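Asker:
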Amino acid sequence: MPELKRSPAWQYLQETKFVRGKVEASSRPQIAPAEPFKQYPTAEKVLLPRRWDGEKGSLWKVLQQRRSIRRYSGSPVSITDLALLLWASQGVTAQAGPYYLRTAPSAGALYPIETYVVAERVEGVMQGILHFDVRGFQLERLASGAFAGRVTAGALGQGFMARASLVFIWSAVLRRTMSKYGHRGLRYIFMDAGHICQNLVLAAEALGFAACPVAAFYDDELNEILDLDGTEETVIYMAAVGTRDVKAQD
Ligand SMILES: Cc1cc2nc3c(=O)[nH]c(=O)nc-3n(C[C@H](O)[C@H](O)[C@H](O)COP(=O)(O)O)c2cc1C
Numbered sequence: 001m002p003e004l005k006r007s008p009a010w011q012y013l014q015e016t017k018f019v020r021g022k023v024e025a026s027s028r029p030q031i032a033p034a035e036p037f038k039q040y041p042t043a044e045k046v047l048l049p050r051r052w053d054g055e056k057g058s059l060w061k062v063l064q065q066r067r068s069i070r071r072y073s074g075s076p077v078s079i080t081d082l083a084l085l086l087w088a089s090q091g092v093t094a095q096a097g098p099y100y101l102r103t104a105p106s107a108g109a110l111y112p113i114e115t116y117v118v119a120e121r122v123e124g125v126m127q128g129i130l131h132f133d134v135r136g137f138q139l140e141r142l143a144s145g146a147f148a149g150r151v152t153a154g155a156l157g158q159g160f161m162a163r164a165s166l167v168f169i170w171s172a173v174l175r176r177t178m179s180k181y182g183h184r185g186l187r188y189i190f191m192d193a194g195h196i197c198q199n200l201v202l203a204a205e206a207l208g209f210a211a212c213p214v215a216a217f218y219d220d221e222l223n224e225i226l227d228l229d230g231t232e233e234t235v236i237y238m239a240a241v242g243t244r245d246v247k248a249q250d
């Protein structure tokens with residue numbers, strides 16, 4: 001498969017391999033670290049409920065039933081459901097020294113992923129873009145208004161996203177992980193995002209919602225929507241969550 005071997009992706013995998021006897025000697029690039037948390041101190045805060053019924057369905061049933069579903073009825077979700085989805089994906093479950101350990105694992109407990117929510121249809125929450133403040137368990141409003149059109153266009157025009165109640169957008173603060181793990185850290189960043197998204201879609205299934213991961217998007221357009229520079233922090237993954245359309249299968 002010479003064409004595979006010529007691809008930058010394959011070369012990246014080769015160059016970031018751990019090889020027995022060479023791990024200690026391999027030099028790490030000097031990449032300065034970044035702040036472990038992002039905050040928008042002047043943003044309006046949307047407090048999230050912290051009390052809920054945690055018994056929402058058996059893990060085994062949820063694993064069996066989960067599917068990527070792209071048809072939504074267009075009904076709103078409650079703020080409690082939004083809180084549950086955020087907690088399932090990135091909720092703090094323990095503290096160990098400076099580390100805020102979460103529902104999803106993270107290489108080196110460095111948590112490079114930031115969560116943004118495009119709230120399209122949430123009862124009691126004005127439409128807009130919000131950033132999840134992990135430590136405060138609250139949302140920080142970055143913008144108000146309907147963003148479904150721009151987000152859908154940015155997601156290669158995948159029309160189902162326009163009927164979602166919520167779109168989760170995950171960015172990576174590359175330095176958080178790469179300052180410790182170098183180039184190989186990029187692998188870990190994408191793994192972290194996968195864990196987070198899996199937690200989200202399982203929680204969505206447990207709550208009776210429909211959800212679909214989305215990785216096909218115009219990177220620069222999504223970064224622009226969130227006002228990210230695309231270098232220090234860049235969008236790497238998304239997921240749409242909506243209320244189920246009982247007439248539809250997928
Ligand atoms: C990394 C990743 C990226 C994906 N990107 C998209 C996407 O952009 N659009 C979409 O409709 N589905 C997307 N999906 C959903 C897959 O199509 C779906 O998981 C697959 O068809 C298997 O179906 P299931 O999730 O119902 O088991 C993505 C899934 C993953 C894991």
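Just so you know, the numbering used here puts 239 at position 239 of the sequence shown, and the rest follows in order with no gaps. Even glycine gets a Cβ: it sits at the ideal position worked out from N, Cα and C. Since the structure is predicted, the reported quantities are computational estimates derived from the model, not experimental observations.
1) For Y237 and I113, what's the separation of their Cα atoms in angstroms?
2) Answer yes or no: do F168 and V77 have a C-beta to C-beta separation smaller than 9 Å?
3) Determine which residues share a DSSP beta bridge with L101 and list them.
4) Please give me, in chain order, every unbroken run of the alpha helix (DSSP H) with length at least 4 that falls completely inside the segment 103-157.
5) Going along the chain, which residues of its own chain have a beta-carbon closer than 7 Å to the beta-carbon of L47, five neighbours each way excluded?
6) Please state whether the Cβ-Cβ distance between D227 and L142 is less than 9 Å.
7) Using the Cβ count rule (16 or more neighbours within 10 Å means buried), how would you classify M178?
8) Can you list, in chain order, the residues of its chain whose CB lies under 7 Å from that of V201, leaving out five sequence neighbours each side?
9) Can you check DSSP and say which residues form a bridge with G242?
10) Among A88, D245, Y12 and M161, which has the Cα closest to the Cα of R187?
11) Which term fits R259, buried or exposed, when burial requires 16 or more other beta carbons within 10 angstroms of its beta carbon?
12) Contact defined as beta carbons within less than 8 Å: I believe V173 pairs with A204. What is the distance between those atoms, to the nearest angstrom?
13) With a threshold of 6 Å on Cβ separation, who are the neighbours of A225 within its own chain once the five nearest residues in sequence on each side are excluded?
14) Check L48 in the structure and name its three-state DSSP category.
15) Assuming G57 contacts A206 (C-beta within less than 8 Å), just tell me the rounded distance between them.
Answerer: Walking through what the data contain:
1) Taking the sequence shown and counting its residues from 1, the one referred to as residue 237 is at position 237. Taking the sequence shown and counting its residues from 1, the one referred to as residue 113 is at position 113. Approximately 10 Å between the Cα atoms of the pair.
2) Within the sequence shown, the letter at position 168 stands for residue 168. Within the sequence shown, the letter at position 77 stands for residue 77. Result no, Cβ atoms of F168 and V77 do not sit closer than 9 Å.
3) On the sequence shown, residue 101 is found 101 positions in, with the first residue counted as 1. A94.
4) 148-154
5) Position 47 of the sequence shown, counted from the first residue, corresponds to residue 47. Q138.
6) Position 227 of the sequence shown, counted from the start, is the residue given in the question as residue 227. Position 142 of the sequence shown, counted from the start, is the residue given in the question as residue 142. Yes, they are a contact pair.
7) Working through the sequence shown from its first residue, we reach residue 178 at position 178. By the neighbour-count rule (16 or more Cβ atoms within 10 Å), M178 is buried.
8) In the sequence shown, residue 201 corresponds to position 201, counting from 1. If we look at V201 and ignore the five residues flanking it on each side, its Cβ neighbours are R66, A211, P213 and A239.
9) Taking the first residue of the sequence shown as 1, we reach residue 242 at position 242. Its beta-bridge partners are A210.
10) For the purposes of this step, residue 187 is identified with residue 187 of the sequence shown, where counting begins at 1. Among A88, D245, Y12 and M161, the Cα nearest to that of R187 is on Y12.
11) Any property of residue 259 remains undetermined from this structure, which presents the chain solely from 1 to 250.
12) Within the sequence shown, the letter at position 173 stands for residue 173. Within the sequence shown, the letter at position 204 stands for residue 204. Not confirmed; about 25 Å, so no contact.
13) Taking the sequence shown and counting its residues from 1, one reaches residue 225 at position 225. The question names Ala, yet the displayed sequence has Ile at residue 225. Taken in chain order, the residues that qualify are R150.
14) Numbered from 1 along the sequence shown, position 48 holds the residue referred to as residue 48. Of the three classes helix, strand and coil, the one that applies to L48 here is coil, per DSSP.
15) Along the sequence shown, read from residue 1 onward, the residue named residue 57 stands at position 57. Along the sequence shown, read from residue 1 onward, the residue named residue 206 stands at position 206. Rounded, the Cβ-Cβ distance is 4 Å, consistent with contact.
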